[in-house]
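Asker: Counting from 1, one number per residue, gives the positions in the sequence shown under UniProt numbering. Cβ coordinates follow ideal geometry from the N, Cα and C atoms, glycine included. The structure that follows is given in the form of structure tokens.
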Amino acid sequence: MTTGAWYICVERAPCVSLDKVVDDMTEEQLQHVAAQLKSILRQMHTVKPKTLGAHAFTSVGEFTDYFRRMLLYFSAEDWTEQLLSHFPRNAPIRFTHRDLIPRNIIVDGSTITAVVDWATGGFYPEYWEYCRMYNSDWLTPGWTCILQIIYLALGGTRR
């Protein structure tokens, strides 16, 4: 029966979260994790949006304007404008996890067995997932290596 509703299946995932082991992984293991994450992101990008984010934004520009208002609650206007000037206002919309960080990636060795905590997932500008993955609270040497591998595959450069 087709209801038009979305469902998320929840089940127990074996093994440990990536944050517990990422900095002990070899270069080969980090590359394996990065390759799997690229594949997961590609699969997520095939899901087509009906609305943007958790709100009914009709464009990336509207999303950026909303984000600007949120930032201005606790950030200086010049800093906010400087930051937002780097975000394209016409980026494609993609399905994102929005919290795709090591603690939400479950692994068995270097094999990803699950991605958990989809509470903030939704449709956001293409760059949003990477911005969220690059959260400074999670930037360990292993995670930074994984992000650089993923970013290089998207046409970026190593920092």
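In chain order, what are the residue ranges of uninterrupted alpha helix (DSSP H) at least 4 long that sit wholly in the UniProt domain "Protein kinase" (1–159)?
Answerer: Counting whole runs of 4 or more residues, the UniProt domain "Protein kinase" (1–159) contains the alpha helix (DSSP H) stretches 27–44, 60–72, 77–84, 128–133 and 141–153.
Asker: Where does proline 102 land, buried or exposed, given buried means 16+ other C-beta within 10 angstroms?
Answerer: Working through the sequence shown from its first residue, we reach residue 102 at position 102. Per the 10 Å Cβ criterion, buried.
Asker: Only counting the same chain, and skipping five residues up and downstream in sequence, which positions put a Cβ closer than 8 Å to that of methionine 25?
Answerer: Position 25 of the sequence shown, counted from the first residue, corresponds to residue 25. Closer than 8 Å at the Cβ level, and outside the excluded window around methionine 25, lie Val33, Ser110 and Gly142.
Asker: Taking the alpha carbon of threonine 113 as the point to measure from, which residue in Gln36, Val22 and Gln29 has its own alpha carbon closest?
Answerer: If you number the sequence shown from 1, residue 113 lands on position 113. Comparing Cα positions, the closest option is Gln36.
Asker: How close, in whole Å, do the beta carbons of glycine 121 and arginine 94 come, if the pair is a contact with beta carbons under 8 Å?
Answerer: Indexing the sequence shown from 1 puts residue 121 at position 121. Indexing the sequence shown from 1 puts residue 94 at position 94. At roughly 11 Å, the Cβ-Cβ gap does not stay under 8 Å, so glycine 121 and arginine 94 are not in contact.
Asker: Does the beta-carbon distance from threonine 80 to arginine 68 come in below 8 Å?
Answerer: Taking the sequence shown and counting its residues from 1, one reaches residue 80 at position 80. Taking the sequence shown and counting its residues from 1, one reaches residue 68 at position 68. Yes, Cβ-Cβ distance for threonine 80 and arginine 68 is below 8 Å.
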